[in-house]
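Undergrad: So the sequence shown is numbered by this note's numbering: it starts at 1317 and just counts up by one. For each residue, glycine too, the CB sits at the ideal point set by N, CA and C.
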Amino acid sequence: MLRAKNNVLQFVFLAGDLVVTAAAFLLAYYLRFHTEIIPVKYGIPAFQNYLKILAVLGIVWPVLFHFHGLYQIRRTRSYIDEFFSVTASIGIATAIVWGILLYYSTYHQRGIEASARYEPARVLFLYFMVLDIIGVMFSRFTIRRVLEHMRKRGFGIKNVLIVGAGKLGETVAARIDSHEELGYEITGFLDDDSEKTVVAGYPVVGKCSEVSLMVDQLRVDYVFIALPFRAHDTIMDILHNTRNELVDIKVVPDILEYVAIRAGIEDLDGVPIINLSDVPLRGLHSFVKRVLDIAFSMIGLIAMVALFPLLWMMVKFRSTGPTFFKQERMGLDGKSFLMYKFRTMEVNAESQTGPVMALPNDPRVTTGGKLLRKLYIDEWPQFWNVLKGEMSLVGPRPERPFFVHYFKEQIPQYMLRHKVRSGITGWAQVNGWRGNTSIEKRIEHDLYYIENWSLSLDLKILWLTLVRGLSHSDL
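(1) With a Cβ-Cβ cutoff of 8 Å, do Met1646 and Glu1725 count as a contact?
(2) Buried or exposed: Glu1352, going by 16 or more other Cβ atoms within 10 Å of its Cβ?
(3) For Lys1657, is the classification buried or exposed, using 16 other Cβ atoms within 10 angstroms of its Cβ as the cut-off for buried?
(4) Would you kindly report the start and end of the unbroken alpha helix (DSSP H) that includes Glu1767?
(5) Going by other Cβ atoms of all chains shown within 10 Å of its Cβ, with 16 needed for buried, is Ile1450 buried or exposed?
(6) Grab me the residues of Thr1683's own chain with a C-beta within less than 8 Å of its C-beta, minus the 5 sequence neighbours each way, in chain order.
(7) Touching or not, the segment 1464–1478 and the segment 1533–1540, by the rule of three or more beta carbon pairs under 8 Å?
(8) Would you kindly report the start and end of the unbroken alpha helix (DSSP H) that includes Gln1726?
(9) With 16 other CB atoms within 10 Å as the buried threshold, where does Ala1489 fall?
(10) Would you identify the three-state DSSP class for Thr1487, choosing helix, strand or coil?
(11) Do you know how far the Cα of Lys1523 is from the Cα of Val1514?
(12) Measure the beta-carbon distance from Gly1637 to Phe1699 and round it to whole angstroms, keeping in mind my assumption that it falls under 8 Å.
(13) Residue range of the alpha helix (DSSP H) that Thr1683 falls in?
(14) Round the Cβ separation of Ile1492 and Tyr1518 to the nearest angstrom and send it over; I've been treating them as touching at under 8 Å.
(15) DSSP three-state call for Lys1605: helix, strand or coil?
(16) Using the Cα positions of Lys1776 and Asn1664, report the straight-line distance between them to the nearest angstrom.
(17) Quick one: any contact between the segment 1611–1631 and the segment 1684–1694, if contact means 3 or more CB pairs under 8 Å?
(18) Is DSSP giving Gly1522 helix, strand or coil here?
(19) What does a CB cutoff of less than 6 Å around Arg1758 pick up in its chain, not counting 5 residues either side in sequence?
(20) Quick one, which of Val1702, Leu1732, Gly1385 has its alpha-carbon nearest Trp1769's?
(21) Whole angstroms is fine: what's the gap from Gly1407's alpha carbon to Leu1608's?
(22) So Leu1778 packs on Val1736, CB below 8 Å; how close in whole Å?
(23) So for Glu1730, helix, strand or coil by DSSP?
(24) If you draw a straight line from the C-alpha of Leu1334 to the C-alpha of Pro1378, how long is it?
(25) Go to Ser1738, then tell me how far its alpha helix (DSSP H) extends in each direction, as first and last residue.
(26) Which residues does DSSP pair with Phe1653 in a beta bridge?
(27) What is the DSSP secondary structure of Lys1632, counted as helix, strand or coil?
(28) Here's a check: name, in chain order, each residue in its chain whose Cβ is nearer than 7 Å to the Cβ of Leu1370, leaving out the five neighbours to either side.
(29) Beta-carbon within less than 6 Å of Met1731's beta-carbon, same chain only, minus the 5 sequence neighbours each way: which residues are those?
(30) Does the Cβ of Thr1392 have 16 or more other Cβ atoms within 10 Å, making it buried, or fewer, making it exposed?
(31) Determine the contact status of Val1336 and Val1376, defining contact as a CB-CB distance below 8 Å.
(32) Closest to Gly1472 by CA distance: which of Met1707, Val1587, Val1324, Gly1650 is it?
(33) Starting from the C-beta of Val1681, find all residues in its chain whose C-beta is less than 6 Å away, skip the five residues before and the five after it, and write them out in chain order.
(34) Taking the alpha-carbon of Thr1550 as reference, which of Asp1508, Leu1529, Gln1533, Val1521 has the nearest alpha-carbon?
(35) In or out: Arg1713 buried (at least 16 other Cβ within 10 Å) or exposed?
(36) Whole angstroms are fine: how far does the CA of Glu1767 sit from the CA of Arg1606?
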């Protein structure tokens, strides 16, 4: 039912996005060719030529919105984050469609009468992009407000009874409270501990054996069984006692303390399997991210080659030694690779100390290296690592094996950060956790990135990296 509710909400948002997008395109056509805002020089192209573009929009838009996480039903998404995701999705999608149209109009319409041609119409697509961003944001804002109003009036509210008032039950209650869009109302807890009367702000209304009675009295729609493994007999009794009740039973596995990344349910020929560390970066998502990595890394390498004389002088300023620095790092699936950087420290900087983290105002950093680090340019050679598939543009920063072997013994779930490719920049870095800072905070941000990955999150991190690098902020 949880998935069914999410599917309904996803369909509502999808339908709203498509309707608004179609309306925005039609309005943009009207504004461009039937108003005098910007005069039309070469006549008005036939409207039916542009109707076919709507079919393309109906395919490209949902795909881009999906990759930006806009159909993930999350109450915690802020309107600012949603605006960024919507703008990125529509901007990329508009560029794709306009590029296809430009190519077609340039190379495949020779000899075709002007009235039958598709025109790239840059102004039309500019109008469309602005109108679509405004319209989609207004549509999504309206849908959320309507849903909130409906919930306040009790429409679609389902009563929930949680069996088990321990830590697991509290976790379930907290998750339900954080997702009001699901329309769940907690009626109370059942627990055999007589000393517990109120848990997570909700009353303990009876014992576990009274589940059938409470289902009838409280008109319960869903029973969440949140009991530890040792209460197997009690769980079986509850299932037996509710077999004749018109209520949905949901069993919460007692393994949440081991779940650092969102768990997933898999099916093995009818046998349900719980994947404790499922990540969204698989399949098509992984392919799209890799395509973007290749494209941007090639652009980055071209820029680096063009600026190489200047970068070479910065590295060599008051310092002798090689231009590049390479070091073993641990990446995807714990595999080691050689990571490249512009050298920013004196040669053999660790000859006396052994492996140590770089410090703020580290005396080993060269004069030119300080500027390279401040502008985040010292990482540019890693575009080569990205092109080779050893790294990604965005991801957890790779560590040296020496530190990995130490941290994995000290910090729970540390190795989960190696379930994705390491990045040139990451969520931890743009939030200030770079270099010799709290490793716990860095892991917390890395795991957040892995669990909540979306194309828009990658673009947001790249944008913040660029802005803070240019503003000389300490990444």
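TA: The structure says:
(1) As a position in the sequence shown, residue 1646 is number 330, starting the count at 1. As a position in the sequence shown, residue 1725 is number 409, starting the count at 1. It is not a contact, given that the beta carbons lie outside the stated cut-off.
(2) The count along the sequence shown starts at 1 and reaches residue 1352 at position 36. The residue in question, Glu1352, is exposed, as its Cβ has fewer than 16 Cβ neighbours within 10 Å.
(3) Residue numbering aside, residue 1657 sits at position 341 when the sequence shown is read from its first letter. Flag for Lys1657 reads buried.
(4) Within the sequence shown, residue 1767 is the residue found at index 451, counting from 1. It spans 1755–1767 - the alpha helix (DSSP H) in which Glu1767 sits, taken as one unbroken run.
(5) As a first step, residue 1450 must be located in the sequence shown, where it is residue number 134. Under this definition Ile1450 is an exposed residue.
(6) Working through the sequence shown from its first residue, we reach residue 1683 at position 367. Here the set comprises Phe1633, Arg1634, Ser1635.
(7) yes
(8) Position 410 of the sequence shown, counting from 1, holds the residue named residue 1726. 1717–1726 is the extent of the alpha helix (DSSP H) around Gln1726.
(9) The residue labelled residue 1489 in the question sits at position 173 within the sequence shown. Counting the other CB atoms within 10 Å of its CB gives Ala1489 a total of 16 or more, which places it among the buried residues.
(10) By 1-based counting over the sequence shown, the position of residue 1487 is 171. Of the three classes helix, strand and coil, the one that applies to Thr1487 here is helix, per DSSP.
(11) Here residue 1514 refers to the residue found at position 198 of the sequence shown. Here residue 1523 refers to the residue found at position 207 of the sequence shown. If I take the Cα positions, the gap works out to 13 Å.
(12) Here residue 1637 is taken as the residue at index 321 of the sequence shown, counted from 1. Here residue 1699 is taken as the residue at index 383 of the sequence shown, counted from 1. So it is not a contact: roughly 22 Å between Cβ atoms.
(13) Residue numbering aside, residue 1683 sits at position 367 when the sequence shown is read from its first letter. Unbroken alpha helix (DSSP H) run through Thr1683: 1683–1690.
(14) Your numbering for residue 1492 matches position 176 in the sequence shown. Your numbering for residue 1518 matches position 202 in the sequence shown. Their Cβ separation, rounded to whole angstroms, is 10 Å, which puts Ile1492 and Tyr1518 out of contact at 8 Å.
(15) Locating residue 1605 in the sequence shown gives position 289, where the first residue counts as 1. Reduced to three states, the DSSP call for Lys1605 is helix.
(16) If you number the sequence shown from 1, residue 1776 lands on position 460. If you number the sequence shown from 1, residue 1664 lands on position 348. Approximately 36 Å between the Cα atoms of the pair.
(17) yes
(18) As a first step, residue 1522 is located in the sequence shown; it is residue number 206 there, counting from the start. If DSSP states are grouped into helix, strand and coil, Gly1522 belongs with the strands.
(19) Reading the sequence shown from its first residue, position 442 is the one you call residue 1758. The answer, listed in chain order, is Ala1744, Trp1749.
(20) Residue 1769 sits at position 453 when you count from the first residue of the sequence shown. For Trp1769, the nearest C-alpha among the options comes from Gly1385.
(21) Walking along the sequence shown from the start, residue 1407 turns up at place 91. Walking along the sequence shown from the start, residue 1608 turns up at place 292. The C-alpha of Leu1608 is placed about 15 Å away from the C-alpha of Gly1407.
(22) Translated into the one-based positions of the sequence shown, residue 1778 becomes position 462. Translated into the one-based positions of the sequence shown, residue 1736 becomes position 420. The Cβ separation is near 16 Å, so there is no contact.
(23) Here residue 1730 refers to the residue found at position 414 of the sequence shown. Rather than Glu, the amino acid found at residue 1730 in this sequence is Tyr. Three-state DSSP puts Tyr1730 in a helix.
(24) As a working note, residue 1334 is residue 18 in the sequence shown. As a working note, residue 1378 is residue 62 in the sequence shown. Cα to Cα, Leu1334 sits roughly 8 Å from Pro1378.
(25) For this step, residue 1738 is matched to residue 422 along the sequence shown. No alpha helix (DSSP H) holds Ser1738; the beta strand (DSSP E) holding it covers 1738–1741.
(26) Within the sequence shown, numbered from 1, the residue matching residue 1653 stands at position 337. Looking at the DSSP assignment, Phe1653 forms a beta bridge with Arg1645.
(27) By 1-based counting over the sequence shown, the position of residue 1632 is 316. Correct three-state label for Lys1632: helix.
(28) The residue you call residue 1370 lines up with position 54 of the sequence shown. Contacts found: Ala1338, Phe1341.
(29) Translated into the one-based positions of the sequence shown, residue 1731 becomes position 415. So the list reads Lys1724, once near-sequence residues are dropped.
(30) Residue 1392 sits at position 76 when you count from the first residue of the sequence shown. Because the pLDDT of Thr1392 is 48, which lies under 50, any placement of that residue in the model is unreliable, and the number read from its coordinates should be weighed accordingly. Looking at its Cβ environment, which holds fewer than 16 other Cβ atoms inside 10 Å, Thr1392 is exposed.
(31) The residue labelled residue 1336 in the question sits at position 20 within the sequence shown. The residue labelled residue 1376 in the question sits at position 60 within the sequence shown. In this structure, Val1376 does not lie closer than 8 Å to Val1336 by Cβ.
(32) Taking the first residue of the sequence shown as 1, we reach residue 1472 at position 156. Residue Val1324 is the option with its Cα nearest to Gly1472.
(33) On the sequence shown, residue 1681 is found 365 positions in, with the first residue counted as 1. Answer for Val1681: Thr1660, Met1661, listed in chain order.
(34) In the sequence shown, residue 1550 corresponds to position 234, counting from 1. Check the Cα spacing between Thr1550 and each of Asp1508, Leu1529, Gln1533, Val1521: the tightest is with Asp1508.
(35) Working through the sequence shown from its first residue, we reach residue 1713 at position 397. Arg1713 is buried by the Cβ-count criterion.
(36) On the sequence shown, residue 1606 is found 290 positions in, with the first residue counted as 1. On the sequence shown, residue 1767 is found 451 positions in, with the first residue counted as 1. Their Cα atoms are separated by approximately 18 Å.
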